[in-house]
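Inspection log for the structure reproduced underneath, given as structure tokens.
The structure is reproduced here in structure tokens:
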């Protein structure tokens, strides 16, 4: 558990970046810091690994004050992922991922084996191991950054807007991959974002920061949507928080209709009161919609209107189901099982009447359920990309007095790394720096 006890950060000119912040980020959960620019989100995150030293209060990890440990030692147990990956441009992908294992004196063979294992885990092809960062797309570089942060299997991960620099389609894919990994690994994660939708999608707990470093609400996503603590929080969430709350309602409890379903080749039968009929094949896979008045005789798949997207019953949320209803020509949501067979059909009015409940014992969706929702969102985003409006980056804070030692983008010890074997092949003809990639800018929330 990560605990903030009255943490304050005040700069010499009087600017307050954090104002008496107290919260607990539970072990094995994702805690998201969200808020306006200048709210202190990034500053708060960096107090955890001592890249920023508070001027008041303290930060504890499992009851131990972080100031009781040397920064280099502390950072080796904390994974750190930033917005632009911060990869070493002169190292191959496998050696970028193996950075921390090298620092921990692992052999070249062990470190690279771990790198290859993590490449597979984050969805990178093994053939990319010998490539260099400039040869990868932005989304691929972010996956490398996540793999590098996981290389030493740290119990804690700090993620500072890791997905904000990529387009919406790639962002949805990375979010889905991130939640899938968390469902397997159960890390304690602190995640910074400007995007309230990303916070709701990823977070088990959400801390809302206001300009001046004030923590104005710390709550579960469900409670944040249902009970904003102030007008500022309500305005920040937006007017559609009721629709957002449907993200936490399970489709497993929906009452689905079966009377609209007909087999291909069969007769329409009694269609009293039905505007549309869903035609399915022998395995109950959906083929399309048809209006009863448009056909006579046996149903043929040649005269059908496309079904559109479907939702998986039990894993998708009611918001996902409502989205499929809105996109459907028939205005109905088709629920399927994991094999794609139709379970039943839901009307939009039924979906809107659902109460948000049915979560795990923490009052949250489970990590597995969030991962399933995110995967569905990623597929949906791939089919229907939105304009690439990126969140604006935080404005830099006043210059902070330089710490006693540099704070690189990737946690680095005070002593030099062990002799690292040179890559097996030379870097392509791109200027290779003589020293590691530049550190993260260290800019704070103003």
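Numbering (this note's numbering), first residue to last: 6 to 451.
Even for Gly, the Cβ is constructed at its ideal location relative to N, Cα and C.
Note that this is a predicted model, so its numbers are computed, not measured.
Put residue i into one of helix, strand or coil per three-state DSSP.
| i | result |
| --- | --- |
| residue 297 | helix |
| residue 85 | strand |
| residue 307 | helix |
| residue 36 | strand |
| residue 6 | coil |
| residue 168 | coil |
| residue 133 | helix |
| residue 263 | coil |
| residue 192 | coil |
| residue 245 | coil |
| residue 63 | strand |
| residue 291 | strand |
| residue 15 | strand |
| residue 216 | coil |
| residue 254 | coil |
| residue 312 | coil |
| residue 186 | helix |
| residue 73 | helix |
| residue 283 | strand |
| residue 337 | strand |
| residue 163 | strand |
| residue 276 | coil |
| residue 302 | coil |
What separation, rounded to the nearest whole angstrom, lies between the Cα atoms of residue i and residue j?
| i | j | result |
| --- | --- | --- |
| residue 9 | residue 52 | 9 Å |
| residue 311 | residue 282 | 12 Å |
| residue 106 | residue 116 | 5 Å |
| residue 92 | residue 134 | 14 Å |
| residue 78 | residue 150 | 20 Å |
| residue 419 | residue 100 | The predicted model places residue 419 with a pLDDT of 42, which falls under 50 and marks its position as unreliable; any figure quoted below should be read in that light. Distance between the alpha carbons of residue 419 and residue 100 is about 20 Å. |
| residue 209 | residue 109 | 32 Å |
| residue 170 | residue 142 | 11 Å |
| residue 274 | residue 301 | 10 Å |
| residue 102 | residue 185 | 20 Å |
| residue 331 | residue 88 | 34 Å |
| residue 71 | residue 242 | 33 Å |
| residue 173 | residue 277 | 43 Å |
| residue 355 | residue 178 | 30 Å |
| residue 335 | residue 294 | 7 Å |
| residue 120 | residue 326 | 39 Å |
| residue 81 | residue 157 | 8 Å |
| residue 154 | residue 123 | 10 Å |
| residue 73 | residue 27 | 19 Å |
| residue 43 | residue 111 | 40 Å |
| residue 189 | residue 41 | 32 Å |
| residue 261 | residue 267 | 15 Å |
Locate the alpha helix (DSSP H) running through residue i, then write down its first and last residues.
| i | result |
| --- | --- |
| residue 46 | 46-53 |
| residue 219 | From DSSP, residue 219 is part of no alpha helix (DSSP H) but of the beta strand (DSSP E) over 219-224. |
| residue 239 | 236-242 |
| residue 203 | 201-207 |
| residue 99 | 98-102 |
| residue 356 | 353-357 |
| residue 150 | 143-155 |
Output needed for residue i: all residues of its chain with C-beta closer than 6 Å, excluding positions within five of it in sequence on either side, in chain order.
| i | result |
| --- | --- |
| residue 246 | 230 |
| residue 197 | 38, 46, 47, 50, 165 and 166 |
| residue 460 | Outside the shown range of the chain, which is 6 to 451, sits residue 460, and nothing can be said about it. |
| residue 359 | 254 and 323 |
| residue 25 | 11 and 13 |
| residue 57 | 48 and 51 |
| residue 318 | 256, 340 and 348 |
| residue 357 | none |
| residue 98 | 133, 134, 136 and 149 |
| residue 68 | none |
| residue 176 | 168 |
At which residues does the beta strand (DSSP E) containing residue i begin and terminate?
| i | result |
| --- | --- |
| residue 27 | 21-30 |
| residue 114 | Residue 114 -> not in any beta strand (DSSP E); alpha helix (DSSP H) instead, spanning 113-126. |
| residue 270 | No beta strand (DSSP E) contains residue 270, which DSSP labels as neither H nor E. |
| residue 321 | Per DSSP, residue 321 belongs to no beta strand (DSSP E) and is neither H nor E. |
Within a Cβ cutoff of 7 Å, which residues of the same chain sit near residue i, ignoring the five residues on either side of it in sequence?
| i | result |
| --- | --- |
| residue 279 | 265 and 297 |
| residue 237 | 215 and 221 |
| residue 307 | none |
| residue 90 | 146, 147, 149 and 150 |
| residue 271 | 303 and 304 |
| residue 352 | 337 |
| residue 191 | 33 |
Enumerate in chain order the residues of its own chain whose CB-to-CB distance from residue i is below 8 Å, with the five nearest sequence positions on each side excluded.
| i | result |
| --- | --- |
| residue 7 | 29, 30, 36, 53, 64, 65, 66, 161, 193 and 195 |
| residue 129 | 98, 145, 148, 149 and 152 |
Cβ of residue i versus every heavy atom of the ligand NAP: is any distance shorter than 6 Å?
| i | result |
| --- | --- |
| residue 38 | By its list of ligands, the structure shown contains no ligand whatsoever, and the ligand NAP lies outside what it can speak to. |
message = For the structure I just gave you, are there three or more beta carbon pairs, one from the stretch 253-260 and one from the stretch 305-322, closer than 8 Å?
response = yes
ask   = How do the stretch 284-304 and the stretch 335-348 stand: do at least 3 beta-carbon pairs fall below 8 Å, yes or no?
value = yes
ask   = Can at least three beta-carbon pairs, one atom from the stretch 146-163 and one from the stretch 51-68, be found at a separation below 8 Å?
value = yes
query = Pairing CB atoms from the stretch 23-42 with CB atoms from the stretch 182-197, are three or more of them under 8 Å?
reply = yes
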